[in-house]
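There are 2 protein chains.
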Amino acid sequence: MIEEKTIDRLKRHVELENPEALINDLNNMHSADVAEVFERITPEERENYFKYLDSEKAADLLEEVSPQRQVELLGTIGEEKAAEIVSKMPHDLMADFLGDLSDEEINNYLNKLPQRVSSQIRELMTYPEDTAGGIMTTEYLSVSEDMTVEETFKYVRSQSDSNIDFYYIYVADKLNHLLGVLSLRTLISSPLDMKVGNIMETDIFKVQTLDDQEYVADSLIKYGYLALPVVDNYNRIKGIVTWDDAHYISEEETTEEIYASSGISTDMIPEDEILTGKLSLAVRARAPWLLITLVGAFGAVNVADHFDNILAQLPIIAIFIPLLIGLGGNIGTQSVTLMVRGLSTGQISMSSALYQVLREIQIGLIIGLTFGLLVMLVTWGWKNNIALGSVVGIAMTANMTIATLVGTSLPFILKRFNIDPAVASGPFIATAIDIIGLAVYFILVTLSLRYLV
Amino acid sequence: MIEEKTIDRLKRHVELENPEALINDLNNMHSADVAEVFERITPEERENYFKYLDSEKAADLLEEVSPQRQVELLGTIGEEKAAEIVSKMPHDLMADFLGDLSDEEINNYLNKLPQRVSSQIRELMTYPEDTAGGIMTTEYLSVSEDMTVEETFKYVRSQSDSNIDFYYIYVADKLNHLLGVLSLRTLISSPLDMKVGNIMETDIFKVQTLDDQEYVADSLIKYGYLALPVVDNYNRIKGIVTWDDAHYISEEETTEEIYASSGISTDMIPEDEILTGKLSLAVRARAPWLLITLVGAFGAVNVADHFDNILAQLPIIAIFIPLLIGLGGNIGTQSVTLMVRGLSTGQISMSSALYQVLREIQIGLIIGLTFGLLVMLVTWGWKNNIALGSVVGIAMTANMTIATLVGTSLPFILKRFNIDPAVASGPFIATAIDIIGLAVYFILVTLSLRYLV
Chain A
147 MIEEKTIDRL KRHVELENPE ALINDLNNMH SADVAEVFER ITPEERENYF KYLDSEKAAD
207 LLEEVSPQRQ VELLGTIGEE KAAEIVSKMP HDLMADFLGD LSDEEINNYL NKLPQRVSSQ
267 IRELMTYPED TAGGIMTTEY LSVSEDMTVE ETFKYVRSQS DSNIDFYYIY VADKLNHLLG
327 VLSLRTLISS PLDMKVGNIM ETDIFKVQTL DDQEYVADSL IKYGYLALPV VDNYNRIKGI
387 VTWDDAHYIS EEETTEEIYA SSGISTDMIP EDEILTGKLS LAVRARAPWL LITLVGAFGA
447 VNVADHFDNI LAQLPIIAIF IPLLIGLGGN IGTQSVTLMV RGLSTGQISM SSALYQVLRE
507 IQIGLIIGLT FGLLVMLVTW GWKNNIALGS VVGIAMTANM TIATLVGTSL PFILKRFNID
567 PAVASGPFIA TAIDIIGLAV YFILVTLSLR YLV
Chain B
147 MIEEKTIDRL KRHVELENPE ALINDLNNMH SADVAEVFER ITPEERENYF KYLDSEKAAD
207 LLEEVSPQRQ VELLGTIGEE KAAEIVSKMP HDLMADFLGD LSDEEINNYL NKLPQRVSSQ
267 IRELMTYPED TAGGIMTTEY LSVSEDMTVE ETFKYVRSQS DSNIDFYYIY VADKLNHLLG
327 VLSLRTLISS PLDMKVGNIM ETDIFKVQTL DDQEYVADSL IKYGYLALPV VDNYNRIKGI
387 VTWDDAHYIS EEETTEEIYA SSGISTDMIP EDEILTGKLS LAVRARAPWL LITLVGAFGA
447 VNVADHFDNI LAQLPIIAIF IPLLIGLGGN IGTQSVTLMV RGLSTGQISM SSALYQVLRE
507 IQIGLIIGLT FGLLVMLVTW GWKNNIALGS VVGIAMTANM TIATLVGTSL PFILKRFNID
567 PAVASGPFIA TAIDIIGLAV YFILVTLSLR YLV
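Taken in sequence, the protein lines are chains A and B.
All the letters of the first sequence, read from the start, carry residue numbers 147 to 599 under this note's numbering.
All the letters of the second sequence, read from the start, carry residue numbers 147 to 599 under this note's numbering.
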């Protein structure tokens, strides 16, 4: 984290009209730190600082900020300089950035690039955002199989000023079909006159241009690769996806999972629009599951309404409703959270459903009995009514145990029917526990009415 | 994901008593895939498969499974072979594995290793698990500053059979003080007779042995490095932390954050014990926040109890309690989730608190007014009582709007007082909304009592 005093120092340079000191400070900072500074200053200050960055540093900075911020920053400087900065960005980010612009603006930028690069960028822009094609970069090293290790070294050296990541060197034929891959490690430890065709790894894990980005990121992480090649239907290499993309995607997917758990849907609304986009988008992301919960809650109201004669005879029982459904909801949500996260990280598999359900019921019983006893004692002492205490206590135990049972089973059942448990579990559990909890409570009250009145 | 048919094929090899086919299949799979298979078969099958793996593959597999599984698998084979497999594991994982064993067992393993390695492992075991020292490995390349590029190449080549990752080559003096770092890229693109002291990067981002693992992982990800050097108080290099550790730690931290949001505390109980460890550990992780919620829920019960004369006069109002606190709780939790996640990923900073609160109140009003109207119409139609419908509808609107206000402010307030918002927000929001929601509802009912009865 950037400290406050760093930002204060930068601001002081501006106040004292000392651009040299500002330029010096900014250029000595890592671009990720400059990005953090830019998030914490005003738009005017951003404009003021950005114009001083050289185009290399500015391009590095743009890699670290959101697409909206990219557009904002580039809009504050001249078209010429903007084009120069954009031309220094990695190709995948350039395509993402251009993707949000109008056709005319896109042409303005691309016409200033070499023909080969601009056609690569145009191709990148044709892939859907959340696919391997949408996240890959076209900057990778490829050599032919009859090149020697020495020739390959020379080629790698000639490319060392570019944006290209060197982790792996791909081997392709004249028509660009992917034949194999070489790590820099293999290259270094091989004799100089060896042909790369003889030392390349041919058993390659590769993905297709239209594979889902989550699958691509998970594979990179699972196998611990630094990059994966992306091929088309004819096994022609189109680009690579690198490990830093995997982290970004996995963070995005986690955010979507966390949002889903509280009924915020990212199916229609992009995740990053929900916090800062138009209000109508935020409402559309949040209202649907609330509406489903509303229907469920009316179900609970209906259950309570069936017992209106009990409520009329014994209004005191109503005051314990928030206690029962509150605690039931909480422990049930704990179970749901554990199962959904476990299924998502792979710590839990479908085959261990029964084990988990039995385990959770025991936990529900242990906690439920303890809390039931506590609630019984408190209610008995408070209202000086042992029958009331007992009914509320027993309802508490039943409710918490049933809640763990429902909360544990629900994610497995949803997954079994190919419904994403992260999305559906939250609202369903709340409703189910409200309805079951109230029903159990009112039935217990009805059965023991003659001791209560 | 491994397909079911792959597992079936492996099982068939065992049934047909065809170990060669089994060995062949397992050795052709990536160790991450073998680990996935091992999670989905029985303990007997695991034992059966594990004994066929050669020690190289077995060591790779152990890198991919949990510490408990490591102990289980190594316990099924002879001591000699176990020691051979362990000696092939990366040093950081070896230290983690040995850390769970008895002193006698540790000595058994370490005595079979070269003196230099075993003393490195013993040192690794002295660092707390969640620090840079606890996650670093001692396998890195270091050279002296007066070596030439050519000599460095030779040295790198001589190490190419080891477990060492080559991303960066560190430059240290005779007393092992860290002087600089070289990427393989720089090395490849430099003249062979250049001294590494002249081409190394001296402005190094490094961490200290006792730095928190979360800080280390966040730094790796933020700056996009493949590895970070870990130094002691005297700037002597002790090891490196690599990018694959960063992902693992960041996933672990995310799990803790998700658990915390539903009141599952990982402060005292390790995260991976909660799902599969002893029941008593799971109860201890889950009960504390439930207990706090219980106290809060009794607060809500107390509020309702203050209005017992209203309940006696008009028992019907009790049936809407689950509806009001349910929807209030849901929309409030949405706000909490958005703020907590935003603060955690850095999308939201403390300085934007006011903006977010104002924004969320508007969203709460929009959704609250819509839902209030809906609830009013349904209740009016159902109970044929416009006054009742209006009171419940207005309570709904007020409740949802207040819930977004509370849910948005709470995380900022907690963070301001240095309380982790992820941990405390969940239980606090549930309680606050129960109490405020009930109070608002009963006050509205009291005020309009003459229209209702």
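Beta carbons: idealized from backbone N, C-alpha and C, even for Gly.
N- and C-terminal bounds of the beta strand (DSSP E) containing residue i
i        : result
B/THR388 : 383-388
A/ALA318 : 314-318
A/LEU321 : No beta strand (DSSP E) contains A/LEU321, which DSSP labels as neither H nor E.
A/VAL289 : 287-289
Per DSSP, the bridge partner or partners of residue i
i        : result
A/VAL353 : A/VAL376
A/THR400 : DSSP, once it has assigned bridges, lists no residue as partnering A/THR400.
A/ASP358 : A/THR277
B/GLU210 : DSSP lists no partner for B/GLU210.
A/GLU347 : A/VAL327
B/THR283 : B/ILE386
Enclosing alpha helix (DSSP H) for residue i [first to last residue]
i        : result
B/LEU560 : 532-562
B/THR525 : 499-529
B/ALA181 : 177-185
A/VAL429 : 425-452
A/LEU244 : 237-245
B/ASN254 : 249-256
A/GLY478 : 467-491
Proximity below 8 angstroms, CB of residue i to CB of residue j
i        : j        : result
B/TYR314 : B/VAL295 : no
A/SER407 : A/ALA568 : yes
A/GLN266 : A/THR284 : yes
A/THR550 : A/GLY510 : yes
A/LEU598 : A/LEU460 : yes
B/ALA541 : B/TYR587 : yes
A/VAL503 : A/THR554 : yes
B/SER404 : B/GLN359 : At residue 404 of chain B the sequence reads Ile, which differs from the Ser that was named. Going by C-beta atoms, B/ILE404 is not nearer than 8 angstroms to B/GLN359.
B/THR400 : B/ALA431 : no
B/GLY385 : B/TYR286 : yes
B/ILE153 : B/VAL183 : yes
A/PHE243 : A/GLN214 : no
A/ALA228 : A/LEU239 : no
B/LEU436 : A/ASN530 : no
B/SER306 : A/SER306 : no
Three-state secondary structure (DSSP) of residue i
i        : result
A/THR577 : helix
B/GLU163 : coil
B/LYS368 : helix
B/LEU601 : The structure shown does not extend to residue 601 of chain B, since chain B is modelled only from 147 through 599, so no value can be given for it.
A/THR152 : helix
A/THR294 : strand
A/LYS341 : strand
A/LYS300 : helix
B/ASN309 : coil
A/MET496 : helix
B/TYR198 : coil
Of the listed residues the options, nearest to residue i (C-alpha basis)
i        : options                                   : result
A/ILE575 : A/PHE243, A/ILE494 and A/ILE471           : A/ILE471
B/PRO337 : B/ASN322, B/LEU440, B/ILE310 and B/PHE299 : B/PHE299
A/PRO375 : A/ILE383, A/TYR369 and A/LYS368           : A/ILE383
B/ASN379 : B/MET340, B/LEU324 and B/ALA204           : B/LEU324
B/GLY583 : B/SER594, B/ALA431, B/GLY572 and B/VAL538 : B/VAL538
B/ILE513 : B/GLY535, B/GLY492, B/LEU500 and B/GLN480 : B/GLN480
B/LEU556 : B/TYR195, B/THR577 and B/GLU230           : B/THR577
A/ILE169 : A/LEU156, A/LEU162 and A/ALA181           : A/LEU156
A/PRO560 : A/HIS393, A/VAL486 and A/ASP580           : Sequence inspection shows Leu at residue 560 of chain A; the Pro mentioned does not correspond to that position. Here the closest residue by C-alpha is A/VAL486.
B/SER290 : B/ASN322, B/LEU330, B/ILE494 and B/LYS203 : B/ASN322
A/MET414 : A/ILE334, A/LYS320 and A/PRO434           : A/PRO434
B/MET235 : B/ARG215, B/GLU202, B/VAL317 and B/GLU251 : B/GLU202
A/GLY280 : A/VAL353, A/PHE312, A/LEU220 and A/SER490 : A/VAL353
A/THR422 : B/GLY535, B/GLY488 and B/MET496           : B/GLY488
A/SER212 : A/ASP418, A/ALA278 and A/VAL591           : A/ASP418
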